[in-house]
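Worksheet: one structure, shown below.
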Amino acid sequence: MRHIRTKVGVAGAALLTVAPLALTAPSATAASPAAGARQTTAAPTVEEQRLSQGVPQEILRRSGFAGVAGTFAGGLARTDSYGAAKRYVTEAGRGLWRRAVDRVQGRGPQGGDLSRDDDRPLYWARLGMTKALREWKPDFRLRANQRDALMGALERGSRGQDSIDLPGGGHGRNRVLRVVVTGFDPFQLDADARRSNPSGAAALALDGTTVRTSSGRLARVETAVFPVRWADFAAGTVERTLLPYFRRGPKQVDLFTTISQGRPGRFDLERTNGAWRGGYPDNARESRTETVPVPKGVPTVRPQPQWTTTTLPYAQLTSASTGPFPVKDNTAVTEIPAGGSTPVERPDGPTPGSTARAGGGGDYLSNEIGYRATLLRDALRLKVPGGHLHTPVLQFGAGNTDPATGTVTDPDFVRNRTAITGQVRSLLTAALSVASGIMEK
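Below, the structure is given as structure tokens:
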């Protein structure tokens, strides 16, 4: 997910600070209703408003997900307490994630003629559920912060963020390696509501799967997807999801990669991530232009570094044969040099003391998720391969590029997405082969 303009981090003399984790979702401040009173509803979000368009409805109908929101709303209406609602919403969110993963991985009914590898049914079905939760009027007293907590549970569950299940225990070469991969929702939907995000499709295809390295060692892959929203990142959704698996313990990761959609025709391994938000509007049509904000209570590096660096084996991955698309080691960044005031593009990474204006992955949320993940890695002194991977742009076939007249899918679109997902899997296998070889020395 590239809004472009991106390495070699300089965090050498930074002081490491680890504070207690205290991440919570933002809470509304509206007054609570009296006991027994029906609740007022909130207006649909910008993302939820797009649901009424023809394209989202067609995607839901052709995938078998059209009834998800109605079923969820019906079950929610039958709950008689906040505790019951929380249990129901949590399980419903996780159920949607499992259903989407199962569909992509070939389990259960296809539900329609939309290809199984499609990530879009999950996105639009989730929005139907959040809209239903926002409009729900329970007969019991529900405080504003409780509704927010329910929304958070639904978001986390339906994104796979709270169901990462890495194997624990084991020793030596017989231990299964632990891997976390993340993707993103579709984005830029005002320009074309048909858009899919190959990083999200890859996350669904890889979740819970086992990869075998070139030496025969096994690795378990667990995945999650993230929203294309500045506010969620500022509230700590990335750190909340990754922290349990970055901390020392029996389920600590051996490798991680955040993934997003980048530029046409190529994969990019982003060498450097920058601490800057460039302001491009997100899926909620909100804009942020500022230094990447680190949530309170998150283990971090102080002072906050302007740059972080990948530890993925980029030299081996760019030279390996992993699929039809070239894989590039992207070292470019945009910086304000020390003592300067004007942004300068640097093809070979940042210079000492410079201020970030774009990492290798640009200045949008794809750069930011790479920055947040690698900053958390550095704060915890996690010595494993990790960084950000940009996929090629997922393109429709010739003659199907006009969103006003085009179809929601075509053979080239499916082939391109399948090829990207397959190469993500191959790149992950190659990275794990390098990592396992180092561990065994």
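Heads up: the sequence shown begins at 2 in the working numbering, then just goes up one per residue.
Ideal Cβ placement from N, Cα and C applies to all residues, glycine included.
Every value quoted in this text rests on a predicted model; they were computed, and no experiment measured them.
Exercise for the section: Assign Glu-369 to one of three DSSP states: helix, strand, or coil. Expected result: Reading the sequence shown from its first residue, position 368 is the one you call residue 369. Here Glu-369 sits in helix by DSSP.
Practice task
Pick helix, strand or coil for Asn-331, following the three-state DSSP scheme.
Solution key: Counting from one through the sequence shown, the residue named residue 331 turns up at place 330. Of the three classes helix, strand and coil, the one that applies to Asn-331 here is strand, per DSSP.
Problem - Cβ pair count under 8 Å reaching 3, the stretch 76-84 against the stretch 158-176 - result: no
Exercise for the section: Could you tell me whether the Cβ atoms of Arg-272 and Val-293 are closer together than 8 Å? Expected result: The residue given as residue 272 occupies position 271 in the sequence shown. The residue given as residue 293 occupies position 292 in the sequence shown. For Arg-272 and Val-293, no; Cβs fall outside 8 Å.
Practice task
Give the range of the beta strand (DSSP E) segment to which Trp-137 is assigned.
Solution key: Here the question's residue 137 lines up with position 136 in the sequence shown. Looking at the DSSP string, Trp-137 is not in any beta strand (DSSP E), and its letter there is neither H nor E.
Problem - Under the three-state DSSP convention, the category Phe-268 falls into - result: Working through the sequence shown from its first residue, we reach residue 268 at position 267. Three-state result, Phe-268: strand.
Exercise for the section: Helix, strand or coil for Gln-189, going by three-state DSSP, please let me know. Expected result: Taking the sequence shown and counting its residues from 1, the one referred to as residue 189 is at position 188. Looking at Gln-189 - three-state DSSP - the assignment turns out to be coil, as it is neither helix nor strand.
Handout entry: Extent of the continuous beta strand (DSSP E) to which Arg-357 belongs
Key = Taking the sequence shown and counting its residues from 1, the one referred to as residue 357 is at position 356. One detail in the question is off: residue 357 reads as Ala in this sequence, not Arg. Start and end: 356-359.
Practice task
Could you tell me whether the stretch 200-216 touches the stretch 105-113, where touching means 3 or more Cβ pairs closer than 8 Å?
Solution key: yes
Practice task
Following the continuous beta strand (DSSP E) through Asn-274, name the residue where it begins and the one where it ends.
Solution key: Translated into the one-based positions of the sequence shown, residue 274 becomes position 273. It spans 273-275 - the beta strand (DSSP E) in which Asn-274 sits, taken as one unbroken run.
Problem - beta strand (DSSP E) segments (min. 3 residues) lying fully within the stretch 135-188 - result: 178-185
Problem - Whole-angstrom C-beta distance between Thr-422 and Asp-118, which should lie under 8 Å - result: One-based indexing of the sequence shown puts residue 118 at position 117. One-based indexing of the sequence shown puts residue 422 at position 421. Right, the Cβ-Cβ distance comes to about 6 Å (below 8 Å), so this counts as a contact.
Handout entry: Residue from Pro-404, Leu-52, His-389 and Arg-95 whose Cα sits closest to the Cα of Thr-332
Key = Locating residue 332 in the sequence shown gives position 331, where the first residue counts as 1. When only C-alpha atoms are compared, the closest one is His-389.
Practice task
Please name the residue, chosen from Gly-169, Pro-325, Asp-330 and Val-295, that lies closest to Thr-311 on a Cα-to-Cα basis.
Solution key: Within the sequence shown, numbered from 1, the residue matching residue 311 stands at position 310. The shortest C-alpha separation from Thr-311 is found at Asp-330.
Exercise for the section: Look at the alpha carbon of Glu-369 and the alpha carbon of Ala-276, and state the distance between them as a whole number of angstroms. Expected result: As a first step, residue 369 is located in the sequence shown; it is residue number 368 there, counting from the start. As a first step, residue 276 is located in the sequence shown; it is residue number 275 there, counting from the start. Answer to the nearest angstrom: the Cα atoms are 7 Å apart.
Problem - Coil, strand or helix - Leu-256 by DSSP - result: Taking the first residue of the sequence shown as 1, we reach residue 256 at position 255. Correct three-state label for Leu-256: strand.
Practice task
Using DSSP bridges, identify the partner residues of Leu-219.
Solution key: The residue you call residue 219 lines up with position 218 of the sequence shown. Answer by DSSP bridge pairing, in chain order: Arg-213.
Exercise for the section: Have a look at Asn-175, Ala-154 and Val-181 and flag the residue whose alpha-carbon is nearest the alpha-carbon of Leu-167. Expected result: The residue you call residue 167 lines up with position 166 of the sequence shown. The shortest C-alpha separation from Leu-167 is found at Val-181.
Handout entry: Buried versus exposed call for Ala-431 [16 or more other C-beta atoms within 10 Å across all chains shown]
Key = Sequence index remark: in the sequence shown, residue 431 carries index 430 (1-based). Buried.
Practice task
Please state whether DSSP places Gly-438 in a helix, a strand or coil.
Solution key: Your numbering for residue 438 matches position 437 in the sequence shown. DSSP places Gly-438 in the helix class (H, G or I) of the three-state scheme.
Exercise for the section: Out of Val-212, Arg-63 and Asp-233, point me to the one whose CA is closest to Glu-223's CA. Expected result: On the sequence shown, residue 223 is found 222 positions in, with the first residue counted as 1. For the residues Val-212, Arg-63 and Asp-233, the minimum Cα distance to Glu-223 belongs to Val-212.
Practice task
Take the Cβ of Ser-261 as the centre, count every other Cβ of all protein chains shown within 10 Å, and call the residue buried at 16 or more, exposed below.
Solution key: As a working note, residue 261 is residue 260 in the sequence shown. Per the 10 Å Cβ criterion, buried.
Problem - Backbone secondary structure at Thr-80 - three-state DSSP - result: Locating residue 80 in the sequence shown gives position 79, where the first residue counts as 1. Here Thr-80 sits in coil by DSSP.
Exercise for the section: Take Gly-129 and list the residues in its own chain whose beta-carbon comes closer than 7 Å to its own, dropping the five residues that flank it on each side. Expected result: The residue given as residue 129 occupies position 128 in the sequence shown. Beyond the five residues adjoining it in sequence on each side, Gly-129 comes within less than 7 Å, by CB distance, of Leu-52, Val-69 and Ala-70 in the same chain, given in chain order.
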